[in-house]
Structure formats: structure tokens, C-alpha cells
Amino acid sequence: MESSFSTLHTPTNKKDTGYPVEYSFQSATTTHLEHQTVDTAKSIFTENSTLPVTTSHTELLSLQITTPGQYNGTLLLSFPSPGTHEPITLVHTFGLYLLDQLTKTVLPQDTPWKRPTPPLISRDYAVDFLRQMLSIHPRLGMQQGMQVQLASPKARVVCLFQSFTEETPTVHAVFYGEEELLSLVIMELDTLSAVKRP
67 MESSFSTLHT
77 PTNKKDTGYP
87 VEYSFQSATT
97 THLEHQTVDT
107 AKSIFTENST
117 LPVTTSHTEL
127 LSLQITTPGQ
137 YNGTLLLSFP
147 SPGTHEPITL
157 VHTFGLYLLD
167 QLTKTVLPQD
177 TPWKRPTPPL
187 ISRDYAVDFL
197 RQMLSIHPRL
207 GMQQGMQVQL
217 ASPKARVVCL
227 FQSFTEETPT
237 VHAVFYGEEE
247 LLSLVIMELD
257 TLSAVKRP
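For the sequence shown, the numbering used here gives the first residue as 67, with consecutive numbering after it.
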């Protein structure tokens with residue numbers, strides 16, 4: 067028997083900036099009782115909920131973000147211990163990277179590159195790291211002169227591959243574009259690159 071779903075839309079705010087964040091979620095609950103299955107569509111995000119034993123619950127959360135940025139969330143789940151009946155709390159934190167919110171496009175090879183006015187930022191990154199961060203398909207070769215555009219609805223940043231070092235292997239990339247988005251993209255790439263570095 068398939069579970070029923072409900073969709074709810076709830077506004078909240080990003081804590082560090084106050085930007086509004088709309089999110090919706092679909093809920094499905096299936097409880098297996100004696101020789102029967104009970105399906106409901108009540109979300110545990112709207113209020114404190116008590117789920118009976120043998121219950122399977124699913125929430126699909128979708129964020130509608132108006133301003134690109136780093137978003138962090140925390141889910142807290144509390145339930146009574148089967149033995150002591152004291153509450154047990156589980157905490158799960160998650161993040162939504164800025165890079166995952168941008169549309170990435172490999173520009174055609176004949177796209178002319180005109181040296182932009184500042185800001186212009188150069189970085190050296192591992193080839194595999196940058197391929198993953200910029201969502202470049204494995205069958206697409208990375209080569210000198212390739213440009214990848216990262217765009218939000220209101221701004222864009224372009225990454226130009228200037229040169230490659232085979233020994234490392236690394237790529238020397240030049241980034242340019244809208245100043246605020248550019249600084250956020252570089253900050254996130256630097257942070258993630260340091261984390262992934264052996």
C-alpha cells in the first residue's frame with residue numbers, strides 16, 4: 067500500500083543575514099498495526115508529533131532560496147528510550163553549499179575571453195577537485211582556455227583555465243565576475259580544497 071503525501075510551505079529566515087528562506091516538505095507516514103496498515107500525511111515539521119512503534123516516516127524537504135549563500139540546518143529528533151522511557155535526542159546537521167545553488171555551464175570553445183576589469187582572482191586547484199566542484203562531465207576534457215560560467219539569477223562568475231601542471235596535477239585558474247558572488251565562490255572553493263587536501 068502506498069503512503070499518502072501532503073505538501074506544506076513554511077517561511078523562515080537565514081540566521082546570519084535575515085534573508086527569507088521558503089521551504090516545502092512532503093510527508094508520508096506508514097504505521098503497521100495488527101494485520102493492517104495505516105497511512106497518514108502529517109508532517110513532523112509543523113508541530114511536535116508522536117509516532118507509534120512500527121512506524122515508517124518520510125519527509126522530503128525542498129528549499130526555495132532567493133539569495134545564494136551557505137545555508138546550514140539542524141534536525142533534532144527526540145524519542146523515549148524503550149527501557150527507561152527517558153528521552154533520547156538525535157541531532158543531524160547539514161549544509162547546502164553555494165556552489166550547488168549556481169548553474170554551471172561550460173562555455174563554447176570559441177567564446178572570446180576579454181580581460182575583465184578587476185576583480186580578478188587567480189588560484190591553483192587540483193584538477194580532479196575543480197572538475198568535481200564545477201560539475202564538469204568526466205567525458206569532457208579539461209584544457210587550457212576552457213571557460214566555465216557559474217550563474218545565479220542576479221550575478222555570474224567565470225572560471226578560465228589558464229594552464230595545467232602535469233606533475234601535481236593542478237590547474238591554474240582565473241576567476242572574474244560580480245564582486246560579491248566572486249568572493250563567496252573563492253572562499254568556498256578555498257575551504258573545500260583545504261578539507262579535501264590529503
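C-beta atoms are modelled at their ideal positions from N, C-alpha and C, and glycine is treated no differently.
Problem set entry | Bridge-paired residues (DSSP) for S229 | Residue numbering aside, residue 229 sits at position 163 when the sequence shown is read from its first letter. For S229, which the question treats as bridged, DSSP gives the partners H238.
For this session: Mind listing, in chain order, the continuous alpha helix (DSSP H) runs of no fewer than 4 residues lying wholly within the segment 146-225?
Result: For the segment 146-225, the full-length alpha helix (DSSP H) segments reaching 4 residues or more read 193-199 along the chain.
Problem set entry | Candidates T140, L156, G139, Y137, of which the one nearest P146 by Cα | Within the sequence shown, numbered from 1, the residue matching residue 146 stands at position 80. Nearest of T140, L156, G139, Y137 to P146, Cα basis: L156.
Problem set entry | Span separating the alpha-carbon of S188 from that of Q213 | On the sequence shown, residue 188 is found 122 positions in, with the first residue counted as 1. On the sequence shown, residue 213 is found 147 positions in, with the first residue counted as 1. So the alpha carbons of these two residues sit roughly 14 angstroms apart.
Exercise. Short check: CB of V251 to CB of Y191, under 8 angstroms?
Worked result: Numbered from its first residue, the sequence shown carries residue 251 at position 185. Numbered from its first residue, the sequence shown carries residue 191 at position 125. No, the pair does not count as a contact, with Cβ atoms beyond the cut-off.
For this session: Could you tell me which residues DSSP puts in a beta bridge with T140?
Result: Within the sequence shown, the letter at position 74 stands for residue 140. DSSP lists T159 as partners of T140.
Exercise. To the nearest angstrom, how far is it from the Cα of Y89 to the Cα of S128?
Worked result: Position 23 of the sequence shown, counted from the start, is the residue given in the question as residue 89. Position 62 of the sequence shown, counted from the start, is the residue given in the question as residue 128. Y89 and S128: Cα-Cα distance of roughly 5 angstroms.
For this session: Assign V87 to one of two classes, buried (16 or more other C-beta atoms within 10 Å of its C-beta) or exposed (fewer than that).
Result: Position 21 of the sequence shown, counted from the start, is the residue given in the question as residue 87. Buried, because 16 or more other Cβ atoms sit within 10 Å of the Cβ of V87.
Exercise. Does the distance from the CB of Q92 to the CB of L141 come in under 8 angstroms?
Worked result: Position 26 of the sequence shown holds residue 92. Position 75 of the sequence shown holds residue 141. Pairing Q92 with L141 gives a Cβ-Cβ distance that is not under 8 angstroms.
Exercise. Of the residues V261, M253, A260, which one's Cα is nearest the Cα of Q136?
Worked result: Translated into the one-based positions of the sequence shown, residue 136 becomes position 70. Looking from the CA of Q136, the closest CA among V261, M253, A260 belongs to M253.
Problem set entry | Local conformation of S109 per DSSP, three classes | What you label residue 109 is simply residue 43 of the sequence shown in a count that begins at 1. The answer is coil: DSSP assigns S109 none of H, G, I, E or B.
Problem set entry | Residue environment, G243, which counts as buried when at least 16 other CB atoms sit within 10 Å | Mapped onto the sequence shown, residue 243 falls at position 177. G243 is buried by the Cβ-count criterion.
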